[in-house]
Amino acid sequence: MASSEMDFHHQLREVQQAVSTTRAFLNASVQPVKTAELVPLPIERPIAPLQLIIPPTFLEQTRKFELSSRTRETIAQTLDDLLHIYSQQFDQLTRNLTQTSVPKLQSIVPNLIEKTRNGFQHHFEQHGLPKIMAEVKAHAEKHPRPSTPPPAPRQSSIPAYEA
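In terms of UniProt numbering, the sequence shown opens at residue 1 and continues consecutively.
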């Protein structure tokens, strides 16, 4: 398994752990309630999908390396895959949060979702992107691209030599 693929699996496990921890926290904070008292309350508005922002500094850093177009495409695909993983985890977590039928928790669900959204963005910037950047740097060091050679001098600038 490739290093970047292992990183994705590790990141996915971290996100799943965060989901499990949140679920355990919510379950522990809810006192047992009789089933008859549970009344499902719908969320008033649909939850916007997760839109992670790639900081401009990340894009600027990748431009510093002389990378082939194929490598740039691979980076773009890796970013898309990572964004998709985060989005799926966010969707799963928010779906679990909105399915709570405890009235006391319904009032804090929007706040929890916003904190979750911010947490995913922070994790993406602090853990996801640095791992990709480390791979980009390693690739650039292993596969240096020659810089464009300077243009050949004009014939008029070469002094004529006498025979």
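Beta carbons are placed, not taken as given, at the ideal position from N, Cα and C, and that holds for glycine. Note that the coordinates shown come from a computational prediction; the quantities given were computed from them, not determined experimentally.
The alpha-carbon separation between Arg72 and Gln51 amounts to approximately 22 Å. The three-state reading of DSSP puts Leu79 in helix, counting H, G and I together. Assigned with DSSP and collapsed to three states, Pro46 falls in coil, not helix or strand. With a threshold of 16 other beta carbon atoms within 10 Å, Ile113 meets it and is buried. Collapsing the DSSP output to three states places Leu105 in a helix. In the structure shown, the three-state DSSP call for Gln88 is helix.
If you draw a straight line from the Cα of Phe120 to the Cα of Ala138, it is about 26 Å long. By the neighbour-count criterion, in which a residue is buried when 16 or more other Cβ atoms sit within 10 angstroms of its Cβ, Leu82 is buried. Exclusion of the five residues before and after Phe90 leaves Pro49, Leu50, Thr116, Arg117, Phe120 as the residues of its chain whose Cβ lies within less than 8 Å of its Cβ.
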